[in-house]
Amino acid sequence: VPVPGIDRGRRAVSSPPMLQTYDERNRDLKLWIDGRLVHRDEAGVSPFDSSVQNGDAVWEGLRLYDGRIFMLEAHLARLRRGARALRYEGVPTDAEIIDALRRTLAANGMRDGVHVRLTLSRGVKYTSGLDPRLNTRGCSLFILAEFKPPVYDRGGIRLVTAGVRRPSADVLDQTIHSCNQLTSILAKLQANAAGADDAMMLDTRGFLAETDATHLFLVEDGVVCTPRTVACPEGITRAVVLELCREHGIAGREEDITPARVWRAEEMFCTGTMGELVPVLEVDGRAVGGPEAGPVTRRLTELFRERTRTG
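Per the numbering used here, residue 1 is the first one in the sequence shown, and the count goes up by one each step.
Dropping the structure here:
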């Protein structure tokens with residue numbers, strides 16, 4: 001029986017530090033659960049809800065900067081695209097969602113340094129089962145806002161290549177930002193076992209997709225490259241980075257990227273609402289680029305921070 005922290009060859013493997021830790025300010029959070037605010041210890045979701053029954057839900061990660069939710073319209077548009085693709089009925093309007101967000105943030109006295117997980121499920125079924133026709137009451141809306149700064153070490157992170165692959169659209173369309181995250185969880189388990197921060201995931205063709213939680217970028221000869229959204233979501237932070245490249249004369253492109261290009265890259269970084277921009281310094285025990293964030297990564301990080309202050 002494998003011993004935790006020891007691989008099959010009996011070599012000690014140090015466990016990576018937890019990326020997310022408990023914040024005492026979140027002890028008495030008020031959550032939005034399908035139309036009402038409840039204390040985190042009293043929150044309840046019906047076992048008949050589609051999110052519980054089948055993982056049938058779409059979600060968005062939002063971040064609050066000085067009283068403003070960054071890129072809220074883009075996040076709500078992506079949420080709505082996913083709900084439309086899954087043929088949800090009774091989807092709340094943007095105005096209704098924004099009102100629920102505003103009330104949740106106000107109830108918790110939140111203005112800055114906050115991450116919000118916004119979840120929309122197909123709703124409650126009248127009996128358990130897979131068939132969407134069992135849903136007749138419309139969607140369920142859940143809002144979890146927490147005091148939570150960006151979770152990654154700004155100095156850089158380490159990745160390990162996952163054995164599990166990101167499926168293509170003919171298996172499970174990753175542009176639907178769904179709560180079905182089992183492939184990511186399996187990849188994260190591999191990263192934990194290897195003592196890495198996260199896992200780098202490939203698609204079924206063998207090209208880079210993303211990590212278990214973020215999008216990936218390489219810098220080659222000064223050009224910023226990121227995988228196409230063949231097997232990864234259409235990231236909001238990813239889109240902002242590509243937009244910043246266009247606005248500031250930084251060459252950028254989306255294309256298929258082989259894993260071998262990681263070792264030739266001058267820089268590598270990952271992006272996401274949970275962690276913003278973070279340099280990747282090591283993959284599979286091998287250094288990538290220099291020992292710290294490179295000049296392009298640093299410039300884009302500063303441009304992104306400025307955008308969060310004004311956008």
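Ideal Cβ placement from N, Cα and C applies to all residues, glycine included.
(Q) Which residue marks the beginning of the beta strand (DSSP E) containing residue 297, and which one marks its end? (A) It is not in any beta strand (DSSP E) - residue 297 instead sits in the alpha helix (DSSP H) that spans 295-310.
Q. Exposed or buried, residue 246, counting other C-beta atoms within 10 Å across all chains shown (16 or more means buried)?
A. exposed
Q. Which residues share a DSSP beta bridge with residue 126?
A. Paired residue(s): none; residue 126 is not in a bridge.
Q: Taking residue 280 as the reference, give the member of 235, 239, 153 with the closest Cα.
A: 153
Q) Per DSSP, what kind of secondary structure is residue 11 in: helix, strand or coil? A) Confidence at residue 11 is low in this model, with a pLDDT of 45, below 50, so the placement of that residue should be treated as unreliable; the coordinate-derived value is given next. Coil.
Q | Closest Cα partner of residue 44 within the set 143, 265, 259 | A | 143
Q: With a 10 Å radius around its C-beta and 16 neighbouring C-beta atoms as the bar for buried, classify residue 287 as buried or exposed.
A: exposed
Q: Sort out for me which residues DSSP pairs residue 276 with in a bridge.
A: 272
Q) Name the DSSP beta bridge partners of residue 218, please? A) 225, 268
Q. Between residue 173 and the rest of its own chain, which residues show a CB-CB distance below 8 Å, the 5 nearest in sequence each way excluded?
A. 85
(Q) Measuring only the C-alpha atoms, how far is residue 9 from residue 195? (A) For residue 9, the pLDDT reaches just 42, beneath the cut-off of 50, and the residue's location in the model is therefore unreliable, leaving the point undetermined.
Q: Leaving aside the five residues before and after residue 93 along the sequence, list all residues of the same chain whose C-beta is less than 6 Å from its C-beta, in chain order.
A: none
Q. Is DSSP giving residue 50 helix, strand or coil here?
A. helix
(Q) Just to check my reading of the structure: residue 74 and residue 168 have Cβ atoms closer than 8 Å, yes? What is that Cβ distance to the nearest angstrom? (A) Incorrect: roughly 24 Å between the Cβ atoms, too far for contact.
**Q.** Spatially closest choice to residue 141 from 274, 191, 158, 89, by CA coordinates
**A.** 89
Q: Could you give the DSSP three-state label for residue 248: helix, strand or coil?
A: coil
Q) alpha helix (DSSP H) containing residue 39: first to last residue? A) Taken as a continuous stretch (DSSP letters only), residue 39 belongs to no alpha helix (DSSP H), being part of the beta strand (DSSP E) at 36-39.
Q: Give the straight-line distance between the Cα atoms of residue 229 and residue 100, rounded to the nearest whole angstrom.
A: 31 Å
**Q.** Limits of the unbroken beta strand (DSSP E) element including residue 210
**A.** 208-211
Q: Please list, in chain order, all residues of the same chain as residue 91 whose beta carbon is under 6 Å from its beta carbon, the five residues on each side excluded.
A: 83, 139
Q) Do residue 258 and residue 200 have their C-beta atoms closer together than 7 Å? A) no
Q.
Buried or exposed, going by whether 16 or more other CB atoms sit within 10 Å of the CB of residue 106?
A. exposed
Q. In whole angstroms, what separates the C-alpha of residue 129 from that of residue 289?
A. 50 Å
Q) Secondary structure at residue 3, three-state DSSP: helix, strand or coil? A) Unreliable placement is indicated for residue 3, whose pLDDT of 35 sits below 50; no coordinate value is reported for it.
Q) Would you call residue 263 buried or exposed, if buried means 16 or more other Cβ atoms sit within 10 Å of its Cβ? A) exposed
Q: Return helix, strand or coil for residue 257, following the three-state DSSP convention.
A: coil
Q) Would a C-beta distance cut-off of 7 Å place residue 260 and residue 223 closer than the cut-off? A) no
Q: Would you identify the three-state DSSP class for residue 30, choosing helix, strand or coil?
A: strand
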